[in-house]
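Read the structure below first, then the notes.
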Amino acid sequence: MSLEKTISHEQPFLMNSVSRNTSAEETLLAKSMESPGCLTHEELCALLAFENTDALFEAAYRLKCRLLGRKVALRGIVEMGNVCAKDCYYCGIRRGNPNVKRYQLSEDDVVRMARWCYDMEYGSVVLQSGELESEAHTEFIERIIRRIHDFGGDSFSITLSLGEQSEEVYRRWLEAGAHRYLLRIETSNPALYAKLHPADHSHSRRMECLRVLKRLGYQTGSGVMIGLPGQTLDDLADDIAFFRDMDLDMIGMGPYLPHRDTPLGRDIELTLEYAAKQLKLGLKMIAVTRLYLHDVNIAATTALQALDERGREQGLLAGANVMMPNATDTEYRRNYQLYENKPCLDENSRKCRNCLNWRVIAIGERIAWGVRGDSPHFTNNHRRPII
Ligand code: 5AD
Ligand code: FES
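Sequence positions in the sequence shown follow our numbering and run 73 to 459.
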């Protein structure tokens with residue numbers, strides 16, 4: 073069974089009415105560029121359904137250039153380990169996948185890769201791994217954060233992407249020197265979330281974690297998967313409204329990509345047609361999110377590149393302003409495949425750095441080397457940590 077069929081049976085994207093009236097489209101784009109948060113749910117849906125994607129992407133890119141300049145901020149990603157306590161139905165490193173060779177980087181290795189990001193002027197490192205909750209894990213991360221903070225200080229941003237944790241753990245990591253936290257809500261629709269996860273995975277706990285992270289003073293990022301089976305344009309419009317309601321500083325979202333070793337992906341064929349549709353929807357989400365939120369950081373994620381060699385550049389030209397090059401040693405990359413077709417599996421970090429630099433230059437932008445790249449949204453509304 074192809075996902076095309078699943079989607080069209082359940083909740084066809086095309087069911088939403090598409091305005092073909094050019095001047096109405098222009099009016100809506102002009103309105104969205106004027107001030108943030110001024111669109112209704114119906115208008116968000118209409119933008120997501122725009123057929124004239126060139127005009128949509130152009131407007132979002134123009135707005136991004138006006139607010140953030142023609143520059144791209146980098147965050148090097150260190151994939152620390154693929155051992156995961158969660159069993160999400162879409163994810164290749166889910167606990168229940170016996171075909172994954174599990175690994176865990178040592179403290180020294182993680183610090184070395186983070187140091188490389190610092191020396192290469194990435195300005196920021198993201199520490200990502202499967203979701204684990206234990207005192208040993210908390211202390212392990214705490215030691216790593218302290219060591220990175222020792223050489224990087226507060227001008228080198230430490231971002232954590234380590235899943236749901238208790239308030240106490242988030243607080244300890246913040247005190248150790250972390251600055252940012254990424255925790256994707258995956259979908260803002262609790263009913264859809266329930267279909268994509270086992271019963272003991274809780275949407276409300278994830279929401280609560282996001283609230284705690286913000287209250288503690290982290291620069292907080294979240295995001296969703298786009299083009300999930302059963303997801304509608306209404307859901308995606310709600311996701312964008314959710315980003316605003318949560319007052320997020322950064323958005324990291326990308327198209328859903330099937331993985332054959334997962335319950336959700338096993339019957340989906342990654343055809344060219346499917347890839348094109350997922351890419352287009354992913355780019356539209358970036359553009360509409362930029363047009364609605366204005367001054368947040370939005371990542372052109374690797375999942376876009378899995379669908380098209382130039383997927384990330386297209387993401388930048390649709391309004392994204394952040395890229396996240398892989399800074400993990402090549403030997404581990406193959407074992408960290410959340411989805412299939414993951415790019416750069418055989419590349420090394422230096423090659424990815426050069427590649428990215430030229431790709432950014434080729435679209436007329438430049439990389440902002442050696443700066444943290446905080447979003448104006450965060451800088452302008454700087455929340456003081458309560459610790
Ligand atoms: N396709 C796209 N994104 C995925 N993620 C996990 N599995 C997939 C997949 N099959 C994303 C989730 C998670 C992030 C680390 O990777 O959104 O939060
Ligand atoms: Fe890795 Fe291009 S980003 S080779």
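Ideal Cβ positions, reconstructed from N, Cα and C, are used throughout, including at glycine.
Bear in mind the structure is a predicted one, so any value in this text is a computation, not a measurement.
Remark: the C-beta of R406 is outside contact range of ligand 1, defined as less than 6 Å to any heavy atom. Annotation note: the stretch 228-282 contains the following uninterrupted alpha helix (DSSP H) runs of length 4 or greater, listed N- to C-terminal: 239-248, 262-268. Taken from the Cβ of L329, at least one heavy atom of ligand 1 lies inside 6 Å.
G391 is bridged by DSSP to nothing; it lacks a bridge partner.
Fewer than three pairs of CB atoms, one per stretch, sit closer than 8 Å, so the stretch 324-343 makes no contact with the stretch 93-109.
In the DSSP assignment, no residue is bridged to A440.
When C-alpha distances from H275 are compared across S260, I312, V155, the shortest belongs to S260. Shortest Cα-Cα distance from R362 to any of L379, C416, A96, L128 involves L128.
By DSSP's assignment, L199 forms a beta bridge with V150, L232. In the DSSP secondary-structure assignment, T292 is bridged to Y253.
At least one heavy atom of ligand 1 lies closer than 6 Å to the C-beta of M297. For Q350, the uninterrupted alpha helix (DSSP H) run begins and ends at 344-365, by DSSP. At a Cβ-Cβ threshold of 7 Å, R278 and I257 count as neighbours.
Contact holds between the stretch 150-162 and the stretch 403-414, because three or more Cβ pairs, one in each stretch, are under 8 Å apart.
Proximity of the beta carbon of C416 to ligand 1 is not indicated: no heavy atom of the ligand is located closer than 6 Å. Within 6 Å of the C-beta of Y364 there is not a single heavy atom belonging to ligand 1.
Of the heavy atoms belonging to ligand 1, at least one sits nearer than 6 Å to the Cβ of L410. With respect to the C-alpha of V241, the residue from M152, F223, F212, S227 having the closest C-alpha is F212. Residue pairing by DSSP puts G326 in a beta bridge opposite M297.
Proximity of the beta carbon of R277 to ligand 1 is not indicated: no heavy atom of the ligand is located closer than 6 Å. P448 and F315 have their C-alpha atoms some 16 Å from each other.
Ranked by Cα distance from R184, the first of E207, I217, E205 is I217. Shortest Cα-Cα distance from M357 to any of L376, L344, E345, I340 involves L376.
At a threshold of 6 Å, C163 counts as near ligand 1, since its beta carbon sits closer than that to one of the ligand's heavy atoms.
Around L365, the same chain offers P108, F315, R316 as residues with beta carbons nearer than 7 Å, after the five sequence neighbours per side are excluded. It is roughly 15 Å from the alpha-carbon of E193 to the alpha-carbon of C427. The alpha-carbon of Q291 is positioned some 12 Å away from that of R444.
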